[in-house]
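So the structure is just underneath, and the comments pick up after that.
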Amino acid sequence: MHVDYRSLRFEYRRSPDQSAAQAVRHPVVVVGAGPVGLATAIDLAQRLEGSGQTVLLLDDDSGLSNGSRAICFAKRTLEIFDRLGCGEAMVEKGVTWSRGRVFHREDPVYSFDLLPEGGHGRPAFINLQQYYVEGFLLDRARALPGIEIRWGNKVSAVEPSVDGVALSVETPEGEYRIVADYLVAADGARSPIRRALGLESKGRTFRDRFLIADVRMKADFPAERWFWFDPPFHPNQSVLLHSQPDGVWRIDFQLGWDADPVAEREPGRVIPRVRALLGKDADFELEWVSVYTFSCLRMERFRHGRVIFAGDAAHGVSPFGARGANSGVQDAENIAWKLALVLRGEAPEALLDSYDAERVLAADENILNSTRSTDFITPKNEASRAFRDAALDLARDCAFARKLVNSGRLSLPSTYRDSPLNTPDAEAFGGAMVPGAPAIDAPLADGGWLLRRLGGGFALLHFGEAAPAAPHSVPPLRVVNISPAEDAEGLAAARYDARPGTTYLIRPDQHVCARWRRLDPDAVRAALDRATGRT
Amino acid sequence: MLNTEPNIASPDDFYEALLRMHQDLSPEQGRQVDARLILLLSNHIGDLAVLRQAMARARQGIEPAGHDAIIAARA
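Top to bottom, those sequences are chains B and Z.
The opening residue of the first sequence carries number 1 in the UniProt record's numbering; numbering runs sequentially from there.
The opening residue of the second sequence carries number 1 in the UniProt record's numbering; numbering runs sequentially from there.
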């Protein structure tokens, strides 16, 4: 069934809260029904099921994203969407890709494959218009009884106190008040909540402008990310071409700082630029046009007492690297399990401090990568331009120079290496699955996948012939045993450097937090106490 | 550790070759060639600590007279 998610309108409906004599209290209020707010609300609702607590999601608008906007969704994000119950819909609709090609002037310079190895349930990336991502998340959210969504509800005042956050909410029928135990602000780059609290996001703006022209056409370009430096059809600037579902293509033209952002949006200006790339007889329709500049910036802290900032509200990056929406969804999954444990009374409020520690570090990693890409694409002085051109020139025949060419380092999840929730290794391990690392996938003999087997709670991943008994604990642990027969290709054991008896403690967001060569229930409980902020 | 002791067997031959590399080039072409040379040599050296020492020595004593196109952002 094809749904045009852009055209859906959601009506404001009066809530009984608006007639209540006293401000009604909600355990958690999420503000903003974009990808980050929706993912947060779904994750929280799934985790609060059975606790009698529900999630209230407020949005000041009455529809989803009207433009394609974010289009590249990374493997890790798809694994999160799997846990949220909508990964399959995304992958089915999306365009799967893993290869990027870089051109300089007329010539191909090099290509890269973002997932050269097999044995992963999800691809390196899919391209999918943001309105589909929001639409599939919304479909899932509406199927969950634990989420109430109020459209046309705009938060107009925020008053945090030690035991809650009082909110004033504007509606077409006037203002009402509610109180939230916790508030998650996923209200976007201009975050009204951030402003209402007198907080800032700081960093740098790049002196460059870009034009996005999403066009609908029949074309036989492959599903690859093509990036040109200084092509003949758009001299001295860069251009990106990328495929989306429904025969839509993302074309992103670098315009330079002096471009007129209003005039450049006119079809009379845009169409000749597109024709220069596609050929003068090309048959296409303009789908969405946008001229943008960007900044790399972040808030100093993402948690302010009972108010938690996530996604663009907390941090911003350039689009080169697809690190905006992807990192926002990773914020969502990081805060959701922690907040759910706190709301369920299974972890102290101090656990929320680790959201700040882990996601500020992740934001810095994303900002660093995105700033480096931008410094390559938009040279900021003559020497930077000379080095960029030199790297591109040498890349033709010198392998080392291809490693320097930076058209975007595409989103990878952060490893929370120094997280306070980790238990340091006491035994020797090799490989990438260090405490803090996002658990890596592997194929299982029944055709299933390791990550889906791990599920969304604390899991004890054990390698051996038979599953050991789960040590008694709060929150409970699920034992996932991988026998040599199930690990038919041996990839799970290889990726986790596992021997018989090797045991990993995996967090609800599927990051590693501890590992041992044999299962010791006391060590497991101690690691669980640490991972839940209890010690 | 950056080696700043004599390390080239025939320094005059090297210097001549360096100048010949720039023969008849415009300033812009010269910068282009220098940039390529720096990247080639840096990769050959490979050791980032050494490269950073060389970069620090190269910049030593130069008071910045230009400035990069960076704008502070607040939102």
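Positions of the beta carbon are idealized from the N, C-alpha and C atoms, including for glycine.
Would you say residue i and residue j are within 8 Å of each other, going by their C-beta atoms?
{"i": "B/Ala39", "j": "B/Leu138", "result": "no"}
{"i": "B/Leu188", "j": "B/Ile367", "result": "Before going on, a small fix: residue 188 of chain B reads as Gly here, not Leu. No, the pair does not count as a contact, with Cβ atoms beyond the cut-off."}
{"i": "B/Ala186", "j": "B/Ala310", "result": "yes"}
{"i": "B/Arg388", "j": "B/Phe376", "result": "yes"}
{"i": "B/Glu486", "j": "B/Ala459", "result": "no"}
{"i": "B/Ser407", "j": "B/Val3", "result": "no"}
{"i": "B/Gly436", "j": "B/Arg417", "result": "yes"}
{"i": "residue 540 of chain B", "j": "B/Ala219", "result": "Not covered by the structure: residue 540 of chain B. The range shown for chain B is 1 to 535."}
{"i": "B/Arg409", "j": "B/Ser51", "result": "no"}
{"i": "B/Val109", "j": "B/Leu392", "result": "yes"}
{"i": "B/Ala124", "j": "B/Ser98", "result": "yes"}
{"i": "B/Leu297", "j": "B/Ser191", "result": "no"}
{"i": "B/Ala527", "j": "B/Leu505", "result": "yes"}
{"i": "B/Phe284", "j": "B/Val270", "result": "no"}
{"i": "B/Val55", "j": "B/Ala41", "result": "yes"}
{"i": "B/Pro172", "j": "B/Tyr12", "result": "yes"}
{"i": "B/Pro160", "j": "B/Arg301", "result": "no"}
{"i": "B/Gly256", "j": "B/Asp208", "result": "yes"}
{"i": "B/Gly456", "j": "B/Pro413", "result": "no"}
Can you tell me the Cβ-Cβ gap for residue i and residue j, rounded? I've got them flagged as a contact below 8 Å.
{"i": "B/Arg453", "j": "B/Val480", "result": "5 Å"}
{"i": "B/Arg6", "j": "B/Leu64", "result": "7 Å"}
{"i": "B/Gln129", "j": "B/Ile71", "result": "6 Å"}
{"i": "B/Ser62", "j": "B/Trp151", "result": "5 Å"}
{"i": "B/Leu183", "j": "B/Val165", "result": "4 Å"}
{"i": "B/Ser411", "j": "B/Ser327", "result": "7 Å"}
The alpha helix (DSSP H) spanning residue i covers which residue range?
{"i": "B/Phe400", "result": "399 to 402"}
{"i": "residue 542 of chain B", "result": "Because chain B in this structure spans residues 1 to 535, residue 542 of chain B falls outside the shown range and cannot be described."}
{"i": "Z/Arg31", "result": "27 to 45"}
{"i": "B/Arg275", "result": "267 to 278"}
{"i": "B/Thr205", "result": "Here B/Thr205 belongs to no alpha helix (DSSP H); instead the beta strand (DSSP E) covers 201 to 206."}
{"i": "Z/Arg59", "result": "48 to 59"}
{"i": "Z/Asp12", "result": "11 to 21"}
{"i": "B/Ser384", "result": "382 to 394"}
{"i": "B/Glu92", "result": "87 to 93"}
{"i": "B/Arg515", "result": "Unbroken run through B/Arg515 is the beta strand (DSSP E), 512 to 516; no alpha helix (DSSP H)."}
Kindly indicate if chain Z contains any beta-carbon less than 8 Å away from that of residue i.
{"i": "B/Leu255", "result": "no"}
{"i": "B/Lys218", "result": "no"}
{"i": "B/Leu392", "result": "no"}
{"i": "residue 614 of chain B", "result": "No answer is possible for residue 614 of chain B: it lies beyond the span of chain B, which begins at 1 and ends at 535."}
{"i": "B/Arg402", "result": "no"}
{"i": "B/Arg323", "result": "no"}
{"i": "B/Arg301", "result": "no"}
{"i": "B/Ala185", "result": "no"}
{"i": "B/Ala189", "result": "yes"}
Any Cβ of chain B within less than 8 Å of the Cβ of residue i?
{"i": "Z/Arg59", "result": "no"}
{"i": "Z/Ala65", "result": "no"}
{"i": "Z/Leu39", "result": "yes"}
{"i": "Z/Gln32", "result": "yes"}
{"i": "Z/Ile70", "result": "yes"}
{"i": "Z/Arg52", "result": "no"}
{"i": "Z/Asn3", "result": "no"}
{"i": "Z/Ala35", "result": "yes"}
{"i": "Z/Ala56", "result": "no"}
{"i": "Z/Asn7", "result": "no"}
{"i": "Z/Ala75", "result": "yes"}
Following the continuous beta strand (DSSP E) through residue i, name the residue where it begins and the one where it ends.
{"i": "B/Lys338", "result": "Run containing B/Lys338: none in the beta strand (DSSP E); it sits in the alpha helix (DSSP H), 324 to 343."}
{"i": "B/Pro443", "result": "Here B/Pro443 belongs to no beta strand (DSSP E), and DSSP marks it neither H nor E."}
{"i": "B/Met299", "result": "295 to 299"}
{"i": "residue 536 of chain B", "result": "The shown model of chain B, from 1 to 535, leaves out residue 536 of chain B, and the question about it has no answer."}
{"i": "B/Met217", "result": "210 to 217"}
{"i": "B/Gln254", "result": "248 to 254"}
{"i": "B/Gly164", "result": "164 to 171"}
{"i": "B/Ala74", "result": "72 to 74"}
{"i": "B/Asn369", "result": "That residue, B/Asn369, is in no beta strand (DSSP E); its alpha helix (DSSP H) goes 353 to 377."}
{"i": "B/Asp181", "result": "174 to 185"}
{"i": "B/Gln244", "result": "238 to 244"}
{"i": "B/Arg150", "result": "147 to 150"}
{"i": "B/Arg478", "result": "478 to 482"}
{"i": "B/Gly464", "result": "Note, B/Gly464: premise wrong, no beta strand (DSSP E); not H, not E."}
Would you say the beta carbon of residue i comes nearer than 7 Å to a heavy atom of the ligand ATP?
{"i": "B/Glu489", "result": "With respect to small molecules bound, the structure shown includes none, and the ligand ATP cannot be examined in it."}
Residues of the stretch 195 to 213 of chain B whose Cβ lies closer than 7 Å to any Cβ of chain Z, in chain order: Glu200, Ser201, Lys202, Gly203, Arg204, Thr205, Arg207
Residues within the stretch 363 to 393 of chain B neighbouring chain Z, beta-carbon criterion of under 8 Å: Lys380, Asn381, Glu382, Ala383, Ala386, Phe387, Asp389, Ala390, Ala391, Asp393
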